[in-house]
Every structure is written in C-alpha cells, then in structure tokens.
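In what follows, a single structure is set out as structure tokens and then discussed.
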Amino acid sequence: MSALLSIQGMSHYFGGLKAVSNFNFDVPEGVIYGLIGPNGSGKTTTFNLVTGIYTPTEGKVIFDGQDITGMKSYKIVQLGVARTFQNLRIFGNLSVLDNIRIARHFKYEGGLFGSFFRTPGALREEKKIRQEALDLLEVMHLQNRAFEVAKNLPYGELRRLEIARALATKPKLILLDEPAAGMNPTEVSDLMNLIRRVRDEFKVTVFLIEHHMKVVMGICERIKVIDFGETIAEGLPEAVGKDPKVLEAYLGKGGA
Amino acid sequence: MGSFRLPRFTIAAVIFYLVIQGLSLIGVLNGYYIIIINQSLIFVILTVSLNLINGITGQFSLGHMGFAAVGAYVSGTITTILLKLSPDVASNYPIFLVAILVGGVFAAVVGLVIGFPSLRLKGDYLAIMTLGFGEIIRIILNNIDYVGGPRGLLGIPKFSTFPIIYLFTFVTIVIIRNLIQSSHGRAMLAVRENELAAELVGVDTTRYKVLGFVIGAFFSGIGGGLLAHLLQIAHPTQYGFYASALLLVYVYAGGMGSITGSIISAFALTFLSQALLLGLDSLSSMTGLPFGSEWRMVIYAVLLILIMLYRTEGLMGMKEAKLLIIEEEKK
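From first to last, the protein sequence lines are chains A and B.
Throughout the first sequence, residue numbering follows numbering that gives the first Met the number 0, covering 0 to 255 in sequence.
Throughout the second sequence, residue numbering follows numbering that gives the first Met the number 0, covering 0 to 330 in sequence.
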C-alpha cells in the first residue's frame, strides 16, 4: 500500500503554544484512517495544516507524491483533498443544488464571457454540472431536497450535504472533521454505513477525526491517537484500544 | 431546465419602453418626467452594479461613485475634445458609444488596481479603504485643471437620450443577471456565504472578490458616463462620499443580492426624492413653516432607519422577480 498522504516531521506553534509536535505518519490509499485524541490535542489543527488553512512551522505535507506544504487551500482542493468542518459551513442561503454545483465550479470550462452572454458552450457546461450535481444528490439520498434553501435542512441532512459537497470536488482524499458530532445513535450508524459506502463507491481515502468511540472502533482501519500535540499510539483499532497510554490520556492515570 | 426565460424579460422591457414612449408622445409624461426616468435608469445601473459587489460577492464598497466619476470624466473628456475638433461629433453616436465603453474600461482598471490590495481586508476595514478611494478620486478631480477642477467638466455633448439610457440599462441588467445565475456567479455567492468553505471547495476566493469588484466598477463607469452625457456636466461633488452612501441606501432598501430589489428601489427612491423636493417646497411656501426641500434628506434617512428596523432584508430580500429568473427550479 502506498501512502496517499504523508506527513513528515510536521510541527505547528501558535505563539509559544505547541499545537502539533513532530508528526510523522502516512495515510495509505484506500483506507479509513482515524485521528483521535482528547479536546485540544491538535486534531483540527492537523486538518487545517493539511488543507492549507495554516502553514506548518516545520515539516512537510506530501499528497499523492506532491509537496503541498504552504500551498493555497483552493489549490490543494483542486489537487484532490476535500474536507468537511466540525461546525458546519454550508452556503446557507443557497439551494442544496447550488451548494453542490459550487464545488464543481473549478472544473467549469465555460469562460466568463460565456456566462455574460449565455453562449451555447456555456449552457452546455451548465447543463453538465447540473446533471452531475443532481446525480450526486441522488447517491447521497438528498435528491428531494435539491431545490430547498440549504439552511432549512435538518441537522443530519446538513452533515450529509457537507460530505456530498466535498465529494463533488472529486477528491482522492476526504477529511471528515467529527462527522458524528451531535448525532443520535440511529444517525450514527447511518453515518458509519455512509462513510464506508463513500469510500467504496467514490474510491476515496477517508481521514477522519472523531470523538465517538463507536464510530472510530467500528469503521477505522488504522488509528492514530494524539495528546497535547504528541503521538501516543498508532496502529490497528484493537491494539490501540488496549494501549495503556491511550487509556491514560482518556481516563487519567490509573483509570485503566 | 430548457424553459426559455430570457425572452420573457426582453418582451417585458420592450413593452415598458413602448409604454413610456407612447405616454410621452400623447403628452401624459412631459419632459420633466422623462428626465426623472432617465436619472432613475442610470441609478438602476449604479445600484445593480454596487449590488454585485456588496450583495452578491459580500464585500463592502463605500466608494462606488468613484468608479462612476472615472467613467464620467473619461468619456466626457473624450467627447468634449472630439466635439471641439469637429462639431459633427454631436450627432455621431458610434463615437459616443465607444467613449462610454472606454470610460467603463478605465473604471474597471481602477477597480482592479485598488481591488487587489484592498480585498484582502474584510468588513469595516474594506469599507474604510473604499471610502478613502472615493474621496481620493473626488479630490484628484477637484485639482486637475484640465477637466475643470472644482468648476467641473463643462460642455459635454448631450448624447444620453431616453432610448440610449434605456438600452444600456437593459443590457446591464441582462448581463449581471446572466452572470449571477451562472457558475461564476455561484462562486461569487459562495464567497459571500462562507469564504472559508468556498476556498475549501476549490474556489479561488481572491479572484472572485476582485472579479466582482472589477465588473461592478465597469458598469458603474458606464453609469457615470451616461450621467455626464445626460446632465452635460461632470462635477466632483456629484461623485463624493455622500453620493456613494446614497447608492448604498438604494442597495439595502432594495435587498442585498436582489437585482429586482435594486431596480425597484432605484426607481422608487429617485421618484420619492423628487416628490419630496417638490412636496416640501410647496408645503413650506403654503404654510410658511421652515421645512423646505433641504429637509428631504432627513426624511430619507428616517426612511432608511425604518427599513432597517422593520424590513432588515430590504424590499426583496435575496429574492428575484420571476421575470429575472432564468432557470426555474422544479419542485
């Protein structure tokens, strides 16, 4: 298995605070990879470093054989890294369909003048994008919502819409930031099925952050546990779950 | 999809044009009304173009009239120079059209030059920056003797007639509407809705902010050029902060992001302003109360406060009239 994403000696400081300390790990192609750790352990910072929101203080991020360290976010997305957010970031006043279509825009081939004058070429492109977006909504079971204003959707569907929007960029790697946050048990098991389905049908590698242990242990094939910016365990779920250092980080000393 | 919406708006525009021409022919609309209608139409261009920046792309420009000034002075200078060279120019419409477009292009270039550094700023900071830009333009024009300095640029030939202004307004609305309802327009809307999320679905947000700014500046320049050739004068005070703030009122009153709202508010508020002007003057001369037309801005301001209190989203909110929607969504 080759590494799709490779983090090499990555550190990040906020002033004097070390948020991420010397991370070295590979996310192999095709797996569901979980990054877990207590609050404030540097998980979201890791995602922000991979997606170019922050530039690492030290170290490198290699994606698909290419150094993407310090690259602009939109370029990283165009190379094939998509993500969702812990706190949803939906284009709330736009329709569900538009939310998806925007994620296809960077592949739009009609020029600006085509858009001004609605040239036949531009209209063909628009039609193609629209059809692709509708197809994707169908796969994600959101087709009935296509023309609704996004902010009116229930929470669980918004989570799904955000995943759908990320998939619309046709990524090789999708980063899910706490996808199960705020979900009830039924929604959680639906989500787990969805994540597996996404990996299989869209042939993407999934890299997720999660607090929900059922999700992590249930679907992740490899897990990395971090605390205070340091790696404390890495490996298969069964082994990590029994690691005394992991139990200590979650339950405190002697908690095991 | 596929249902043809473009001609519907065109048909409506043609009917509206014929009605106005007909009414003026039979004398219902006198020259005074036509002047007010012409000014309203130019304000439609200015308001819709500002809406593209503030309402659609979600930036905040407080210096939109600065671009109109560039368009007015550039096109006005071109036509006055040519007029001096040969009096035939006064009836040479192709030259006028080129001058107006050149004015628009100049405004767009200025938009690009100030857009690039300033659009890194957000919210209040961007507002202050654009405010400064508008004032700089006004002060520069005030000090260039070649274009009249504080006297203003005089003797601009009167090219802007009702049909010409109407045509430009129509084309402006159609182009901006087409843009907003295209993939590029959705990228701009995404910047407004959530800049970080837009960036993380592959939208080059800086590019679309600048693009919105430049296109808005272009049409503002067109509007300024038309205004100069309507009033036959371009004067620095016409394009100061006060005028830019007034445009902002038009955009907010109509609804941020709604072209329909901008069209309605540009007409309604231009007419209201005139009605207040005449109404207050006749009221004060009738009653002897010290409330002349200079109080109309107070009433205007109160109106704005009331809109913000009771209809925060403006007249139309983000909605468009059916006439302006290209692709009707099937439920």
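C-beta atoms are modelled at their ideal positions from N, C-alpha and C, and glycine is treated no differently.
Since this is a predicted model, take the numbers as computed values, not measurements.
- By the rule that beta-carbons nearer than 8 Å mark a contact, HIS140 (chain A) does not touch chain B.
- Its chain contains VAL250, SER261 as the residues whose beta carbon lies nearer than 6 Å to that of ASN50 (chain B), once the 5 sequence neighbours on both sides are disregarded; these appear in chain order.
- Non-local C-beta neighbours of GLY79 (chain A) in its own chain, meaning closer than 7 Å and more than five positions away in sequence, comprise ASP63, PRO170, LYS171, LEU172, ordered along the chain.
- Sequence-distant partners of MET296 (chain B) (beyond 5 residues in either direction) whose C-beta falls short of 8 Å from its own C-beta are missing from its chain.
- Under the three-state reduction of DSSP output, GLY30 (chain B) falls in the helix class.
- In the DSSP assignment, SER20 (chain A) falls within the unbroken beta strand (DSSP E) covering 16 to 27.
- When C-alpha distances from PHE146 (chain A) are compared across A:ALA248, A:LEU133, A:MET139, the shortest belongs to A:LEU133.
- With contact defined as three or more Cβ pairs closer than 8 Å, the region 163 to 175 of chain B and the region 40 to 56 of chain B are in contact.
- Distance from the CA atom of LEU246 (chain A) to the CA atom of SER114 (chain A), rounded to whole angstroms, is 57 Å.
- Secondary-structure assignment with DSSP links GLN77 (chain A) through no beta bridge to anything.
- Using beta-carbon distances, TYR32 (chain A) does not count as an interface residue toward chain B, since no partner is under 8 Å.
- The region 136 to 195 of chain A contains, as complete alpha helix (DSSP H) runs of 4+ residues, the segments 154 to 167 (chain order).
- If you draw a straight line from the Cα of VAL88 (chain B) to the Cα of LEU96 (chain B), it is about 12 Å long.
- HIS183 (chain B) carries a helical assignment under DSSP once its states are collapsed to helix, strand and coil.
- Relative to the Cα of SER10 (chain A), the nearest Cα in the group A:ALA2, A:LEU3, A:LEU4, A:SER20 belongs to A:SER20.
- Between GLY15 (chain A) and LEU207 (chain A), the CB-CB gap reaches or exceeds 8 Å.
- Under the 10 Å beta carbon count, SER182 (chain B) is surrounded by 16 or more other beta carbons and is classified as buried.
- Comparing C-alpha distances from LEU314 (chain B) to each of B:ALA267, B:PRO6, B:LEU229, B:ALA252 shows the shortest one belongs to B:ALA252.
- Cβ neighbours of LEU135 (chain A) within its own chain (closer than 8 Å, five residues either side excluded): ILE99, ALA163, LEU166, ALA167.
- The DSSP-derived three-state label of ARG119 (chain B) is coil.
- Contact annotation, LEU175 (chain A) with VAL205 (chain A): C-beta distance approximately 7 Å; criterion of less than 8 Å satisfied.
- Per DSSP, reduced to three states, the secondary structure at GLN273 (chain B) is helical.
- Under the three-state reduction of DSSP output, TYR124 (chain B) falls in the helix class.
- Comparing alpha carbon positions, the residue from B:GLY224, B:ARG310, B:LEU230 closest to THR76 (chain B) is B:GLY224.
- Within the DSSP secondary-structure output, ARG82 (chain A) pairs in a beta bridge with A:LEU174.
- By the C-beta density criterion, TYR154 (chain A) is exposed, having fewer than 16 other C-beta atoms within 10 angstroms.
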